[in-house]
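Asks: The sequence shown maps to residues 1 to 346 in the UniProt record's numbering.
The C-beta atom is built at its ideal place from N, Cα and C for all residues, glycine as well.
All values reported here derive from a predicted model rather than from experimental measurement.
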Amino acid sequence: MKSVPFYELKPGQVVAEDVFKGSTLLISKGTVLRARDIERLKNHGIKTVTVYDETDFVTGAIQEKIIVQFEDIPSLVDEEQYSQWHEQFEIVKDITYLKEDTSELEELVEDIYKKFLKADDLVLNLFHSIGEKALNAHSINTAIISTLIASKLDMPEMFLNSLLKTCLLHDIGYSLIGNRVIFDYDNLDDMTVRSHILSAYEMLRSIQSKIGKDVVDSVSTHHERFDGNGIFMKLKENSISPLVRILQVGDAYDSYIESGHSPYNAMSFLLRYSGLIFDPYYVSVFFSIAGLYPTGTEVILNNGKKAVVIRKGKTSSFPVVKFDNTIVETGVESGLFIKEVVRKGE
Numbered sequence: 001m002k003s004v005p006f007y008e009l010k011p012g013q014v015v016a017e018d019v020f021k022g023s024t025l026l027i028s029k030g031t032v033l034r035a036r037d038i039e040r041l042k043n044h045g046i047k048t049v050t051v052y053d054e055t056d057f058v059t060g061a062i063q064e065k066i067i068v069q070f071e072d073i074p075s076l077v078d079e080e081q082y083s084q085w086h087e088q089f090e091i092v093k094d095i096t097y098l099k100e101d102t103s104e105l106e107e108l109v110e111d112i113y114k115k116f117l118k119a120d121d122l123v124l125n126l127f128h129s130i131g132e133k134a135l136n137a138h139s140i141n142t143a144i145i146s147t148l149i150a151s152k153l154d155m156p157e158m159f160l161n162s163l164l165k166t167c168l169l170h171d172i173g174y175s176l177i178g179n180r181v182i183f184d185y186d187n188l189d190d191m192t193v194r195s196h197i198l199s200a201y202e203m204l205r206s207i208q209s210k211i212g213k214d215v216v217d218s219v220s221t222h223h224e225r226f227d228g229n230g231i232f233m234k235l236k237e238n239s240i241s242p243l244v245r246i247l248q249v250g251d252a253y254d255s256y257i258e259s260g261h262s263p264y265n266a267m268s269f270l271l272r273y274s275g276l277i278f279d280p281y282y283v284s285v286f287f288s289i290a291g292l293y294p295t296g297t298e299v300i301l302n303n304g305k306k307a308v309v310i311r312k313g314k315t316s317s318f319p320v321v322k323f324d325n326t327i328v329e330t331g332v333e334s335g336l337f338i339k340e341v342v343r344k345g346e
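Set out below in structure tokens:
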């Protein structure tokens with residue numbers, strides 16, 4: 001790690017320590033800096049920021065670390081289980097192995113499927129990682145969210161099997177080309193974004209008979225848009241596979257958080273682009289699962305207390321929150337309401 005003056009900060013650097021202005025968190029640890037973040041730090045008079053340097057990644061000092069998104073909230077799945085999934089996904093990413101044997105992919109799909117089938121009262125606190133393992137975490141998280149959506153809709157097991165494979169493999173192209181755009185819904189003309197689709201298709205079609213044509217087709221079309229303005233094929237609405245339309249919700253939500261935004265911002269993005277990028281039906285299903293204020297959203301209550309959302313409450317607008325070591329559901333019964341959201345990454 002190294003301390004860098006704000007005028008030497010560059011987009012793409014990874015923040016190694018939380019950046020505060022007084023008691024306000026400006027940029028959280030693990031955030032991949034964007035130009036707007038750097039400008040925000042400048043406007044707040046932040047003189048220096050600690051970032052990871054190249055040696056941190058080369059030595060493996062942070063590569064292997066899996067971190068739960070919000071430390072004070074129970075995780076969605078225990079760390080041991082998540083670490084096991086990471087190890088399995090490492091094998092899945094090995095293209096040579098995957099071409100010879102897809103059993104590890106099948107086992108990973110089965111594990112996630114069983115874990116989150118008909119899961120209720122969720123604390124949607126996902127694990128993330130930085131460095132080379134970040135793609136693993138994102139792929140697993142996308143699979144988890146998509147499973148929750150499909151399970152809510154009572155999708156058949158065969159559909160869920162294909163959905164999970166598609167989610168786990170959707171960004172494998174980034175592994176193949178050795179470069180990754182974390183949030184890849186901003187600029188579909190970016191050559192890295194376009195290349196990760198093409199490279200994945202070229203690789204996966206050679207094992208199409210093992211993983212299914214629907215999976216290969218879905219991976220290669222996962223950046224089509226509901227309004228028809230996506231990459232390559234310009235598919236629109238129901239001409240886009242439901243595998244893709246569900247995957248996109250989990251993909252965008254998780255990668256938006258990974259790129260430095262709050263869960264509330266991520267949900268707001270999905271709602272804002274519902275009917276444009278995303279199928280509004282599947283966005284609404286995820287909204288019914290996570291609520292307007294997803295797990296980890298920091299809020300100010302009407303009593304002036306700062307709180308963090310633990311999970312969705314009985315309704316989407318009144319979540320269960322924690323403050324001063326007290327857990328309470330907002331709403332009429334408690335008399336507590338959300339006055340405002342603590343903004344992050346904007």
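Could you pull the start and end residues of the alpha helix (DSSP H) that His86 belongs to?
Replies: Working through the sequence shown from its first residue, we reach residue 86 at position 86. First-last of the alpha helix (DSSP H) with His86: Glu79 to Lys93.
Asks: Go ahead and label Asn265 buried or exposed: buried means 16 or more other beta carbons lie within 10 angstroms of its beta carbon, across all protein chains shown.
Replies: Counting from 1 along the sequence shown, the entry for residue 265 is found at position 265. By the neighbour-count rule (16 or more Cβ atoms within 10 Å), Asn265 is buried.
Asks: If you draw a straight line from the C-alpha of Leu122 to the C-alpha of Tyr7, how long is it?
Replies: Residue 122 sits at position 122 when you count from the first residue of the sequence shown. Residue 7 sits at position 7 when you count from the first residue of the sequence shown. If I take the Cα positions, the gap works out to 42 Å.
Asks: Please check the pair Val299 and Ile327, which I expect to be a contact at CB under 8 Å, by giving their CB distance rounded to whole angstroms.
Replies: Indexing the sequence shown from 1 puts residue 299 at position 299. Indexing the sequence shown from 1 puts residue 327 at position 327. Going by Cβ atoms, the distance from Val299 to Ile327 rounds to 14 Å, so no, they are not a contact pair.
Asks: Quick one: measure Cβ to Cβ for Leu292 and Ser262, integer angstroms, because I've assumed they're closer than 8 Å.
Replies: Here residue 292 is taken as the residue at index 292 of the sequence shown, counted from 1. Here residue 262 is taken as the residue at index 262 of the sequence shown, counted from 1. At roughly 12 Å, the Cβ-Cβ gap does not stay under 8 Å, so Leu292 and Ser262 are not in contact.
Asks: Would you mind reading off the limits of the beta strand (DSSP E) that contains Lys312?
Replies: Looking up residue 312 in the sequence shown gives position 312. First-last of the beta strand (DSSP E) with Lys312: Lys306 to Thr315.
Asks: Quick one: what's Glu329 bridged to in DSSP?
Replies: Numbered from its first residue, the sequence shown carries residue 329 at position 329. Val320, per the DSSP bridge assignment.
Asks: For Pro5, which three-state DSSP category applies?
Replies: Locating residue 5 in the sequence shown gives position 5, counting from the first residue. Correct three-state label for Pro5: strand.
Asks: Looking at the structure shown, is His128 part of a helix, part of a strand, or coil, going by DSSP?
Replies: Here residue 128 refers to the residue found at position 128 of the sequence shown. Three-state result, His128: strand.
Asks: Flag this pair as yes or no: are the beta carbons of Asn125 and Phe70 separated by less than 7 Å?
Replies: Numbered from 1 along the sequence shown, position 125 holds the residue referred to as residue 125. Numbered from 1 along the sequence shown, position 70 holds the residue referred to as residue 70. Contact flag set, yes.
Asks: Under the rule that 16 or more other beta-carbon atoms within 10 Å means buried, what is Pro74, buried or exposed?
Replies: For this step, residue 74 is matched to residue 74 along the sequence shown. The residue in question, Pro74, is exposed, as its Cβ has fewer than 16 Cβ neighbours within 10 Å.
Asks: The alpha helix (DSSP H) that contains Thr24, what's its start and end?
Replies: Numbered from 1 along the sequence shown, position 24 holds the residue referred to as residue 24. Per DSSP, Thr24 belongs to no alpha helix (DSSP H); it is in the beta strand (DSSP E), Thr24 to Ile27.
Asks: Distance, Cα to Cα, Tyr185 vs Ser259?
Replies: As a working note, residue 185 is residue 185 in the sequence shown. As a working note, residue 259 is residue 259 in the sequence shown. Approximately 12 Å between the Cα atoms of the pair.
Asks: Please report the distance separating the alpha-carbon of Asp254 from that of Ser334.
Replies: Translated into the one-based positions of the sequence shown, residue 254 becomes position 254. Translated into the one-based positions of the sequence shown, residue 334 becomes position 334. Taking the straight line from one Cα to the other gives about 31 Å.
Asks: With distance defined between alpha-carbon atoms, name the residue in Val249, Arg225 and Asp154 nearest to Ile240.
Replies: If you number the sequence shown from 1, residue 240 lands on position 240. The shortest Cα separation from Ile240 among Val249, Arg225 and Asp154 belongs to Arg225.
Asks: For the alpha helix (DSSP H) that Leu169 lies in, which residues bound it at each end?
Replies: Here residue 169 corresponds to residue number 169 of the sequence shown, with the count starting at 1. It spans Glu157 to Leu169 - the alpha helix (DSSP H) in which Leu169 sits, taken as one unbroken run.
Asks: Consult DSSP for Leu301 and reduce its assignment to one of helix, strand or coil.
Replies: Sequence index remark: in the sequence shown, residue 301 carries index 301 (1-based). Strand.
Asks: From what residue to what residue does the beta strand (DSSP E) around Ile66 run?
Replies: Taking the sequence shown and counting its residues from 1, one reaches residue 66 at position 66. Ile66 -> beta strand (DSSP E) spans Ile66 to Val68.
Asks: Do you know offhand how far Ile257's Cα is from Gly296's?
Replies: The residue given as residue 257 occupies position 257 in the sequence shown. The residue given as residue 296 occupies position 296 in the sequence shown. Looking at the two C-alpha atoms, the distance is approximately 11 Å.
Asks: Name the one or two DSSP bridge partners that Thr31 has.
Replies: On the sequence shown, position 31 is the one that residue 31 refers to. Per DSSP, none; premise fails for Thr31.
Asks: Within 10 angstroms of its Cβ, does Ser23 collect 16 or more other Cβ (buried), or is it exposed?
Replies: By one-based count along the sequence shown, residue 23 stands at place 23. By the 10 Å Cβ count, Ser23 comes out exposed.
Asks: Classify Lys339 as helix, strand or coil using the three-state DSSP reduction.
Replies: Within the sequence shown, the letter at position 339 stands for residue 339. Correct three-state label for Lys339: strand.
Asks: First and last residue of the alpha helix (DSSP H) that includes Thr50?
Replies: Position 50 of the sequence shown holds residue 50. Run containing Thr50: none in the alpha helix (DSSP H); it sits in the beta strand (DSSP E), Thr48 to Val51.
Asks: Whose CA, out of Phe318, Pro5 and Lys305, lies closest to the CA of Val342?
Replies: Counting from 1 along the sequence shown, the entry for residue 342 is found at position 342. Nearest option by C-alpha distance: Lys305.
Asks: What did DSSP end up calling Tyr278 once you bin it into helix, strand or coil?
Replies: By 1-based counting over the sequence shown, the position of residue 278 is 278. Looking at the sequence shown, residue 278 is not Tyr but Phe. Note: Phe278 maps to strand in three-state DSSP.
Asks: Closest by CA to Lys210, which one among Asp120, Tyr97, Ser195 and Asp190?
Replies: The sequence position of residue 210 within the sequence shown is 210, counting from 1. That would be Tyr97, whose Cα lies nearest to the Cα of Lys210.
Asks: Is it the case that the region 270-280 contacts the region 231-251, given that we only count it when at least three CB pairs across the two stretches are under 8 Å?
Replies: Judged by Cβ distances under 8 Å, the region 231-251 makes contact with the region 270-280, as three or more pairs qualify.
Asks: Please classify Gln13: is it buried, with 16 or more other beta-carbons within 10 angstroms of its beta-carbon, or exposed?
Replies: Translated into positions along the sequence shown, residue 13 becomes position 13. When all chains shown are included, Gln13 counts as buried.
Asks: How many Å lie between Ile95 and Glu340 at the Cα?
Replies: Taking the sequence shown and counting its residues from 1, the one referred to as residue 95 is at position 95. Taking the sequence shown and counting its residues from 1, the one referred to as residue 340 is at position 340. Between Ile95 and Glu340, the C-alpha separation is close to 47 Å.
Asks: Out of Tyr82, Asp279 and Val283, state which residue places its alpha-carbon closest to the alpha-carbon of His138.
Replies: The residue given as residue 138 occupies position 138 in the sequence shown. Ranking Tyr82, Asp279 and Val283 by Cα distance to His138 puts Tyr82 first.
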